[in-house]
Amino acid sequence: MLLQQFVNGLSLGAVYAVFAIGFSLVFGVMNVLNLSQGAVFMWGAYVGLEVVRNLALPLPLAILAAGIAAGLLGVLSELLVFRPLQRRGANRWMGMVGSLALARILIGLAQEIFGTQVVRYPDNALAGAAIDLFGARLQLLQVVAIGVAFTMVVALAALLRFSNLGRAIRTVAFSESVARLVGIPVDRVRLATFFVSGALAGGAGVLWSLLFQSVSPFMGDSILLKGLTVMILGGLGNIVGALVGGLLLGLVEVASIVAVGSGYRDAIGFGLVLLILVTRPTGLFATRETKRA
Amino acid sequence: MIDLFEAYHNVIDLCLLNSVLAYGCFLLLGVNLFSLATGGLMAIGAYLSIWLTMQQGWAFAPALLAAAVAASLAALGLGSLVLRLRGDYFTMATLAFTEVVRIIALNWNSVTGGALGIFGIPKLAETWQLALLLVLVIYLVWAVRSSGIGERMRAVAADELAVSTAGYDVAHFKLAIFTVSGAIAGLGGGLAAHLNMFVAPGDFGFLRSFDTVIAPVLGGAWNIAGPVIGATLLTVLPEALRFSAQMREILVGSALLVAVLFLPTGVASLPTVLRRKWSI
Amino acid sequence: MASLTLSRRSILLAAGATALSRSLAFAQSGRIAKIGLVQSTTGGSAALYGIEQKQGIELAFAEINAAKTLKDITLQTIHADDGADRGQTVNIFQRLIRQDNVVAILGPTLSNSAFAADPIAQQAGIPVIASSNTAPNLTKIGDFIFRTSVPEDQVFPTVLRYAVKTRGIKRVALIYGLDDALTRSAHDVQKKAVADLGLEQVGVESYQRGDVDFSAQLTKIREQKPDAIILGTLAEEAAAILRQARQLGFDSKVAFIGCNANISAKLFELAGPAANGIIVGAAWFAGFDSPRSKAFVEAYRKRYGTTPDIYAAQGYDAAYLLAEAIRRADDVSNGKLVRDKLASISDFEGVLGRFGWSVDRDATVQPKVLIGDGDSKVFVAAPTS
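Protein chains in written order, with this note's numbering: chain A, 62 to 354; chain B, 45 to 324; chain C, 38 to 422.
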């Protein structure tokens, strides 16, 4: 049973990680918490669903469509909320209120268009497939989820490290004024960052819906909290930390259910966060945190 | 007229209560602290006051006092642990606190009734009490802000490092403010519990904390009228837009977004913004 | 900002004009009984049940108004959605009673909301009939509170006995939703029934509202090798559990026993073939063989294009009961009179069958045991041995 639970936790954590990476990216670059990320997660799931259900296109295309749509929604939050607020010199907290308002609009729209009820992805090749290994049943989907999480992190880390865009992003993250001084198109970099983060959230949404066969307009609410928790565990703005934090949270949650029962599951996650913050005030992976927070 | 009041009685009560709670967060925003501990502190105040009025037969006022004291003690304890954390880490820690309290309440069936909650709570909170309390709180906050304490708060918000280098004990100062805000939250919790005859742990989670701290931000984090304006707006908007049924979420979100974009320093700045626009 | 205000004003004007014209039209032809329809149509899974009840009630009222059963009285519903937020339910009740002057209220959807808002109706002397509140002690709030939703303790023991008799079950595991009054009380009833029948309880797992991942709990249960798993869950979670149990490779001989709330077309939609064989008990199901029930199902299908679930049926019966009470009272504004007439109804022939009120103003119906047929996506009556 231990192996089974380990896999359960790991695949759950993988989805948390994919979501949190996008969250962390925006925070790391622009020092803002985009609270519409949960709604974007949900919209990604719905777009993927519509593509599969109504356009009868194969799953990989649906995931691509979901990622693009979600990325565009991420861009929307920059254009509609964060950029105007920055221009008008609003404080950081206004960004939170604004992105939350945007989230409400997105959730309301989803309710209107798709209805309030839970639906699911139609049965597909991935759904039932599983391998039996040492008494544990590994679903193909679980393996795929874990694979996607690792791939995303590696890809993103490589992007940030080696590509021109990545270099530009890192410069903007360090200081926007410096970036402008060296001629980096800061506005476009910001858009790119929001696009990537949105796409990641949307992809996580599709993964989640496939793993748990459930899509509803409210699925983004709880993931937002998890994303925040993962960011703290992994360090605000730290990409690799988001992966480790996500996997850790997934494992901790499953372990708590096994040991104590579902009732205290979230309390243990938050308790862990409190413990870490009290003993290591900058999270598990303290990197260049001096300018953050 | 009376009927109109009765029809919206609960809405008015909620506006008053939420405004009181908003001032608690307002104080903290004044020293750059974005706290999400309100829900957890409210829960402590609420459940204690319920236990006192229902099981121990206490009168309302002493029960409320006890609620405020208990919550301020909790705030004291929490504050000493987490106030040294910087900005967003502090916020996360307060969020973790609120959620842990909520989950304990969710599971502690014998005391809090667990998920089923407690019903049949005597409706002891009256509109006049809430109104009086709000007036009191506004006066106190105004008095503090106009005094030397207020000056020091603004100084800390502007440059904490400079203030502490100048020899002031910033840590203890922030702790004191946090404790006071905790007392307000506890008081609010006790009142909320005795308002709708029923409580459940879900009332005191992340959402409650967020709504409370958003109110002064929306209204204007540095304007004394900010918390009232923000709390009233957030309470009344869903009610006023009730006719829109399905579209309501979209309309509420849009209204808030518009408010945020056109009044980025808070809704309380509306008169100033209008004056500036019209004088041109 | 200006354009927003304008459009809002015009919407208000339009709404006001419509309401005015409607009431003018009716004022000429007779009396209007205004009835509050407080059902959640947003706010998560509550909406699932709220929408069904709203539709059932509106169908009933349309039929009654068309047949002129109440002669010159027309039944008019004022719907308000509380978004499954009981603070709003309280606001709604106050508005409906003080401003709209309703003579009765049908709802609310959630028991939690009922606990908060019903006292207001009780104090004001307005009768309330709920068709989806199943928490214990609800009607103890006062004698103006009625329920057509059959509580779990009237249904589950029969179901469990059937399952034990036909499947020889000895070891059971229970899984339930921690933070919902409906699932919690269902679980309490189930636990008691298990103890009463002397079965061995090998595991109890819980989850929280909104959870979609049950792999951890199911894996734990699998280790204990139970003969049956008892679900104290809402329809959506039941579907997820059934599916995930199949995916985790549960023995097909393991029986799944559900509760009242699982009876919904949603269950089959979400679970598919995994729902095959689930045993539930209910006061009613769509295939119920009675002329009244069949007529209702057909009318519902014609109007809404879907098959009604038990909540729609309970709402439909609540509406008819209320209409009958108003007919007997021959009054559209005296809440107390309507309430007294309502309580006096005893042999009511409804969609659920023949039933009357218990001493606590709950519905009393004969429970039926049902088995899920995943391929045809319906529940069928269990073969009685």
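Where is the CB? At the ideal position from N, CA and C, for every residue including glycine.
Following the continuous alpha helix (DSSP H) through residue i, name the residue where it begins and the one where it ends.
i              : result
W300 (chain B) : Residue 300 (chain B) is actually Leu in this sequence, not Trp. Counting along the chain, the alpha helix (DSSP H) containing L300 (chain B) begins and ends at R292 to F306.
L146 (chain A) : R144 to R148
Y341 (chain C) : P328 to Y341
A418 (chain C) : Note, A418 (chain C): premise wrong, no alpha helix (DSSP H); beta strand (DSSP E) at V415 to A418.
G83 (chain A)  : L63 to M91
E386 (chain C) : Element bounds for E386 (chain C): not the alpha helix (DSSP H) but the beta strand (DSSP E), F385 to G387.
G264 (chain A) : V247 to F273
Y67 (chain B)  : H53 to L73
D193 (chain A) : First-last for D193 (chain A): A191 to L194, but that is the beta strand (DSSP E), not the alpha helix (DSSP H).
List the residues of chain C that residue i touches, going by C-beta distances under 7 Å, in chain order.
i              : result
V55 (chain B)  : N128
I318 (chain A) : A253 and Q254
S85 (chain A)  : Near S85 (chain A) there are no residues of chain C at all, since even the closest Cβ is about 22 Å away, more than 7 Å.
S283 (chain A) : G247
N69 (chain A)  : S252, A253 and T256
E283 (chain B) : N128
Roughly how far, in whole angstroms, is the beta-carbon of residue i from the beta-carbon of residue j, given that I think they are within contact range, below 8 Å?
i              : j              : result
G83 (chain B)  : T142 (chain B) : 4 Å
G281 (chain A) : F102 (chain A) : 5 Å
V214 (chain B) : E204 (chain B) : 6 Å
D354 (chain C) : V388 (chain C) : 5 Å
G74 (chain A)  : G311 (chain A) : 2 Å
V319 (chain A) : K257 (chain C) : 6 Å
Starting from residue i, find everything on chain A with Cβ-Cβ shorter than 9 Å and list it in chain order.
i              : result
T309 (chain B) : R149, G150, A151, N152 and M155
T344 (chain C) : Here the premise fails: no neighbours, minimum Cβ distance about 15 Å.
L21 (chain B)  : No answer is possible for residue 21 (chain B): it lies beyond the span of chain B, which begins at 45 and ends at 324.
V155 (chain B) : None at all; the shortest Cβ gap to chain A is about 15 Å.
Name the chain B residues whose beta carbon is nearer than 7 Å to that of residue i?
i              : result
Y325 (chain A) : I147 and N151
P156 (chain C) : M241
L310 (chain A) : By Cβ distance, chain B contributes nothing, its closest Cβ being about 13 Å from L310 (chain A), past 7 Å.
Counting only Cβ pairs nearer than 8 Å, list the residues of chain C close to residue i.
i              : result
M62 (chain A)  : T256, K257, R259 and E260
V315 (chain A) : S252 and A253
R198 (chain A) : Q284, L285 and G286
Looking at the secondary structure, which residues open and close the beta strand (DSSP E) in which residue i lies?
i              : result
S243 (chain C) : E237 to Y244
D410 (chain C) : K405 to D410
I142 (chain C) : A141 to L143
H116 (chain C) : I110 to A117
Could you list which residues in chain A have their beta carbon closer than 8 Å to that of residue i, in chain order?
i              : result
V144 (chain B) : A328, F331, G332 and L335
L307 (chain C) : V179, V180, R181, Q274 and S275
K303 (chain C) : Q178 and V179
List the residues of chain B that residue i touches, going by C-beta distances under 8 Å, in chain order.
i              : result
L297 (chain A) : D132 and Y133
I124 (chain A) : Neighbours of I124 (chain A) on chain B: none; closest Cβ ~27 Å, over 8 Å.
D397 (chain C) : The premise fails here: D397 (chain C) is roughly 16 Å from chain B at the closest Cβ pair, so nothing lies under 8 Å.
A117 (chain C) : R286
Quick one: list the residues of chain B neighbouring residue i, beta-carbon separation under 9 Å, in chain order.
i              : result
Q131 (chain C) : E50, A51, Y52, H53, N54 and V55
V305 (chain A) : What V305 (chain A) touches in chain B: nothing, since even the nearest Cβ is about 17 Å away.
Give the residues of chain A in contact with residue i, contact being defined as C-beta atoms less than 7 Å apart.
i              : result
A140 (chain B) : F331, V334 and L335
Could you name the residues of chain C that residue i contacts, counting a contact when the two beta carbons are closer than 9 Å?
i             : result
L73 (chain A) : D250, S252 and A253
Q66 (chain A) : S252, A253, T256 and K257
Using a beta-carbon distance cut-off of less than 8 Å, what residues from the segment 130–160 of chain A approach chain B? L141, V142, P145, L146, R149, G150, A151, N152, W154, M155, M157, V158 and G159
Pull out every residue of the segment 163–193 of chain A whose Cβ sits closer than 7 Å to any Cβ of chain B, in chain order. L163, R165, I166, I168, G169, L170, Q172 and E173
Would you list, in chain order, the members of the segment 233–253 of chain A that have their beta-carbon closer than 7 Å to a beta-carbon of chain B? none
Determine which residues of the segment 286–299 of chain B have a Cβ less than 9 Å from any Cβ of chain C, and write them out in chain order. R286, F287, S288, A289, Q290, R292, E293, L295, S298 and A299
Interface residues of the segment 240–254 of chain C facing chain A [CB-CB below 9 Å]: V241, E242, S243, Y244, Q245, G247, D248, V249, D250, F251, S252, A253 and Q254
Across the segment 245–265 of chain B and the segment 172–187 of chain B, are there enough close Cβ pairs to call them in contact, namely three or more that are closer than 8 Å? no
If the cut-off is 7 Å on Cβ atoms, which residues from the segment 133–152 of chain C count as contacting chain B, listed in chain order? R135, Q136, N149 and F152
Contact between the segment 284–302 of chain A and the segment 133–147 of chain B: three or more CB pairs below 8 Å? yes
Residues of the segment 271–301 of chain C whose Cβ lies closer than 7 Å to any Cβ of chain B, in chain order: none
Between the segment 137–154 of chain C and the segment 209–227 of chain C, do three or more beta carbon pairs fall short of 8 Å? yes
Quick check: the segment 212–228 of chain B against the segment 112–124 of chain B, are at least 3 beta-carbon pairs closer than 8 Å? yes
Would you list, in chain order, the members of the segment 203–221 of chain C that have their beta-carbon closer than 7 Å to a beta-carbon of chain B? L215, D216, D217, A218 and R221
Positions along the segment 226–260 of chain B whose CB lies within less than 8 Å of some CB in chain C: N240, M241, F242, A244, P245 and G246
Mind listing which residues of the segment 55–88 of chain B have their C-beta closer than 8 Å to chain C's C-betas, in chain order? V55 and L58
Would you check if the segment 90–104 of chain A and the segment 128–135 of chain A touch, i.e. whether three or more CB-CB distances between them fall below 8 Å? yes
Would you say the segment 250–266 of chain A touches the segment 295–315 of chain A, given that touching needs at least three Cβ pairs under 8 Å? no
Against chain C, which members of the segment 160–191 of chain B pass a CB distance test of less than 9 Å? L160, G161, F163, G164 and K167
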